[in-house]
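Read top to bottom, the protein sequences are chains A and B.
First residue of the first sequence: 433, per this note's numbering; consecutive thereafter.
First residue of the second sequence: 872, per this note's numbering; consecutive thereafter.
The structure under discussion appears below in the form of structure tokens.
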Amino acid sequence: MQSVLRSNIVGPGLAALTLVAVGTALEPSRAGAAGASSGPLLSTQAPHGPAPGGAPLELIPDRALVKVAIDDPAGFLDRLAGQPAVTALAALPGNSVQALGRVRAALAEAESELGLPPLALARDLGGAGGVFWLDLKNLKPDYGLVLRGSDNGASRAALEVLLARAAERAGFPGAFDAPTAHRVGVDLWELGDDAAVGWRDGMAMLAKDSDAVLATLGGAAARQRERSRGHWTPAGPTGALGAQFDLERARLLAEFGDDDGLRDLVRLPDKPEGQLIFGPSLSTIARGDVLDAWLTADPNGVELGLASTGPDVVPPTSIDLAIEPGPTDLLFATLHREPGVLVDGTLELDDEASASLAKGLSQFELLMGGLDLRRDVLPRLGPTVQLIAREIPFRSGPAPELRLPALALVMELNDSDLVREPLVAAFQNAIVLSNVDRAQKGEGRPFLLRRAEVDETHALTAAHYSRPAPGEPIDMVYNAAPACAATAKWLILASHEDLLNDLMDELPTARDNRAQPVADRIGPSIERLVVDGSRAAALIEAQRDAIELAISLRRGLSEARARELVDGVLALLAAQSHLSLELSATGPDGLALVVRLDSGGTAE
Amino acid sequence: MTRDWLEPAAGADLDWGPAAAAHLLRRAAFGGSREEVDAAVQRGPEATVDALFEQAADSRPDGQIALLLGSGDIELLQAWWTRALCGGAGALRERATLVWSNHFATSWDKVVDVRLMHAQNATLREHALGDFRALLRAMLTDGAMLVWLDGVENRRGAPNENLAREAFELFSLGRGNYTETDIREAARALSGWRVVGRRAKLYPEDHDDGDKHVLGARGPLGVDGLVDAICELRACTRFVAARLVREYVGPAAPEGLVGEVARDLHAGDYDLGATLRRLLLSRGFFAPGPRAGRIAGPLELIATASRSLGASLPPARAAALATRLGQAPFRPPTVEGWEGDRAWIGSTTWIGRRDAARELAEHWADEARGAVPDEPSELFDGLLASLLPGRPAPPWRAAAVRATAEAGSPRAARATCAALILASPEFQLV
């Protein structure tokens, strides 16, 4: 078996070691079958037997800028690729998932070069775990990659295959058949000036030079770290791919190095546009001392986590939720954004964007009857923003043939008596101007008809298009029946009156009279986004014929191809019952962002 | 020498072969693939025209678009029609529909109703090869037309003459064949129509049912009476004949052809299909002068290139290209429609035509496989035979072959070669 396999192997190269080590994914079933059911692919002169399990965390230098570890790479990949969403994504037709296609192509190419599935080699080399680190020494990259095989013999044989192929590709066949040195128990191969490979007791290592290999695989410091258990422990659940980034050192390097891109990235959290996009909390995630990250896959879904701790990290403030998430939500999002950023002149925008923003703000002030946005309005808008999308029940108007979900925006109002009516008036003025604009363009129908109601608790204005004549088809425009309401504490804007009415019923009236300053509220929550894939799929399914035709006309796809594409998207949505994104405080100086793709426990 | 130009071409007047067959297919039905041209050569002109009419027998439009009319998105409707022009069945009817859509030019820019525009397109398609009387009657009561020319505001006691004026000037008679009184009286005959529930409907209470005197006809005329009065006039047959000759034969049509077509229309009681059939087989149609003497309009150009290459762009993209070249489907610039011919060519649109040719060629090159030769001169000659059947090699052949050879990859060579032919004056003149 050994000789046959060896003779069939045609060329991995040094890059292949990196490829298999980082464990580029997809097609795990093949790798699983080769690795799990039939045992090691290769035999070797090294004694067979189990190597110590788990990622060799003790080998990672304390000061590394980037640390990555995983205990069971093959199992992780199996779980990841077994996710229905990944399967659906892979099955999407055409070039929809080009990155996935490139990964597949790279794997196929590597298999062609190696003569063996690269993932099987990866299993032999790193079946028990692996670590990677990156550091800078004298501003030059210094890295280490260590893979621990679950079987010493298989690990050694797999490494020899890769080295043999590397020698062939370099034009020196047989050059690496034997180690170039053996020191402190480590077999060492010098691969030129920029790389060295070592092997000891089932662990294979790639590093910049032989000193690094010897220091790591034979070094006392590692043994010390192992004995004291003082080494880094990845965040995240067992079985996750874990990583840690030393942000403090990265900032220093950015400041004193010559990488402008890194400098801009590090400074982004301090920029207003960063805060506008990511919010005041999330934008400080890069201000922590360290950033922990993890990616895990289990039968219920996939989770990506980021956690940061440090004195400059701003934990998210708690939010008084106007609306609680409900079972009929297509989308539910809660965000913290500082609206003042829009007008304080600190945003770095190009001329065109600045002009557009200024025009928009000026028009908004006009609609509000001349109120000053900066002085009168924005201070009274809280940073809490909720976005809710639901299907429209069409209780208050005709249901169109093509249906869209309704979207609502809920904002917090402070000291609302001063702005409640001007805000609703601005909405009314916008409706009037919209009608005038349509009339000027000669668009005779349909016009928006308004109704308004005001009492001591709220001001509400809703508009709807004039009802179609009997027998007249109902166009998509009837998905819009814009409405606006302001209570003592909340402002709601909705694309359809039905949704606004529902949300008004759901408002916590008990909270309406509570006036707690936002700055006083520090708590465990929350920015979050939840998307209900199955509801979105149902909405698409209900009008798939029209969607397929639109795709066909816009993209030039045949009917069959358009159908395949919609099938793929539906499968993708059905595979993840929920997509959620949650930002929460982990302590007084820490926050965590968790993105979860929930498959509803359908993963195999 | 006076000749009977509408007589069937035969003998020495008809050099039936790839060039003549391609001329017929391009003028009547946006061209065809090399196989379709070869089949036409085999069949002969009469059988080819018969086949074109047979394929165009079904006047119903593809009903799929009904799914998307509710979106109100004109771009989707433009894409839908462009798809039909570039590759749908019944190309003869599509071509005729395009001809009459320019005759009864109506723009979405004022109508702003996709459903009405689609309904008008269906009406044009229904009557494009039928009775001109019925077509004119349908257009004068068409919802989009009533909005476009203010027919919805024309009521008893408060007439609006726009529609009546254009009905004479642009749709049926031409200037000099009616009086201002005729217009006023015609407006009364057309009064009372409104568009309600996305349909045109006559409201008797708004219709002026009194006696009128239009073009020599008297009585309580409505739309039917007005159309009958118009169509009684020889000026009408001549006006319609001029449209047919301009579109199908071109500006270099033999003198006298319009008169003969007008007589044929009159004799056939405005049967557009029968007259067109005779025109397409006539000496005048196949005479050397008119051949390759018309500048193809953008939609015609894109449709012809698509059908000849057997590869079409995404419909929305093809419609966008036509728009850039000056012919946005469903959006003619004025009530007079697109001027056409030399007006198609300007400094901007000429560059646009070259860009469009390149884009189409790139698209074709992505799909072309196998049967296309890689050797540059073979590739050029093969493509020339497909795109310009029966034409001699142009003087720029050597330069094109050299550019093809220098293109790099086989795919780039295919794209370069096809783009050069599509952008050439030879291809752009139909």
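Idealized CB from N, CA, C, for every residue including glycine.
None of the values given here were measured: they were computed from a predicted structure.
Under the Cβ criterion of 9 Å, Asp-977(A) is counted among the residues facing chain B. In the three-state reduction of the DSSP assignment, Glu-1103(B) falls in the coil class, being assigned neither a helical nor a strand state.
Residue state for Ile-824(A) is assigned as coil, using DSSP reduced to three classes. Short of 8 Å from the beta carbon of Thr-1018(A), and not among the five residues preceding or following it, lie these beta carbons of its own chain, in chain order: Ala-739, Thr-741, Pro-747, Ala-1024. Leu-939(B) belongs to the set of residues whose beta carbon lies under 9 Å from a beta carbon in chain A. For Asp-574(A), the three-state secondary structure derived from DSSP is strand. Judged by DSSP secondary structure, Phe-564(A) falls within the beta strand (DSSP E) whose first and last residues are 561-569.
Under the three-state reduction of DSSP output, Ser-990(A) falls in the coil class, being neither helix nor strand. Here DSSP, grouped into helix, strand and coil, assigns Ile-1216(B) to coil. In terms of CA proximity to Leu-638(A), Asp-574(A) leads the group Val-886(A), Asp-574(A), Ala-968(A).
Pairing Leu-1002(A) with Ala-969(A) gives a Cβ-Cβ distance under 9 Å. At the C-beta level, Asn-846(A) and Pro-811(A) come within 9 Å of one another. Within 7 Å of the CB of Asp-907(A), the CB atoms of chain B belong to Gly-941, Gly-943, in sequence order along the chain. Interface annotation, Pro-830(A): not in contact with chain B, CB-CB separation never under 9 Å. Interface residue (Cβ-Cβ distance to chain A less than 9 Å): Ser-1183(B) is classified as such. Rounded to the nearest whole angstrom, the C-alpha separation of Thr-968(B) and Gly-961(B) is 11 Å. Contacts with chain B (Cβ-Cβ distance below 8 Å) from the segment 878-904 of chain A involve Pro-900, Ala-901, Pro-902, Gly-903, Glu-904, listed in chain order.
Distance between Ala-596(A) and Ser-1012(A), taken at the CA atoms: about 47 Å. For Pro-493(A) and Gly-651(A), the gap between their C-alpha atoms comes out near 11 Å. Against chain B, a Cβ distance below 7 Å from Ala-982(A) picks out Leu-939, Leu-947. Judged by their CB atoms, Leu-892(A) and Met-936(A) are nearer to each other than the 9 Å cut-off.
In this structure Ser-848(A) is buried. Its beta-carbon is surrounded by 16 or more other beta-carbon atoms within 10 angstroms. Residues of the same chain with a CB within less than 6 Å of the CB of Arg-1282(B), apart from the 5 flanking positions on each side, are Ala-1236 in chain order. Contact of Arg-986(A) with chain B by beta-carbon distance below 9 Å involves Glu-946, Leu-947, Ala-950, Pro-1185, Pro-1186, Ala-1187, Arg-1188. For Glu-833(A), the chain B residues whose C-beta falls within less than 7 Å of its own C-beta are Gly-941, listed in chain order. The segment 1220-1233 of chain B makes no contact with the segment 1261-1281 of chain B: fewer than 3 CB pairs, one atom from each, lie closer than 8 Å. C-alpha of Ala-884(A) to C-alpha of His-928(A): approximately 15 Å in a straight line. Around the beta carbon of Gly-1014(B), a 10 Å sphere encloses 16 or more other beta carbons of the protein chains shown; the residue is thus reported as buried. Runs of alpha helix (DSSP H) with 4 or more residues, each lying fully within the segment 937-963 of chain B, are found at 937-940, 945-958, listed in chain order. Using a CB distance cut-off of 9 Å, Gly-959(B) does not count as an interface residue toward chain A. Ala-785(A) counts as exposed, since fewer than 16 other beta carbons sit within 10 angstroms of its beta carbon. Around the Cβ of Thr-665(A), a 10 Å sphere holds fewer than 16 other Cβ atoms; the residue is exposed. Between the beta-carbon of Gln-860(A) and that of Val-842(A) there is about 19 Å, and that puts the pair past the 8 Å contact cut. For Gln-935(B), the neighbours in chain A by C-beta distance under 7 Å run, in chain order, Leu-981.
When 7 Å is used as the limit between beta carbons, Arg-954(B) is near these residues of chain A: Leu-985, in chain order. As computed with DSSP, Ile-924(A) is found in a beta bridge with Val-842(A), Ala-917(A).
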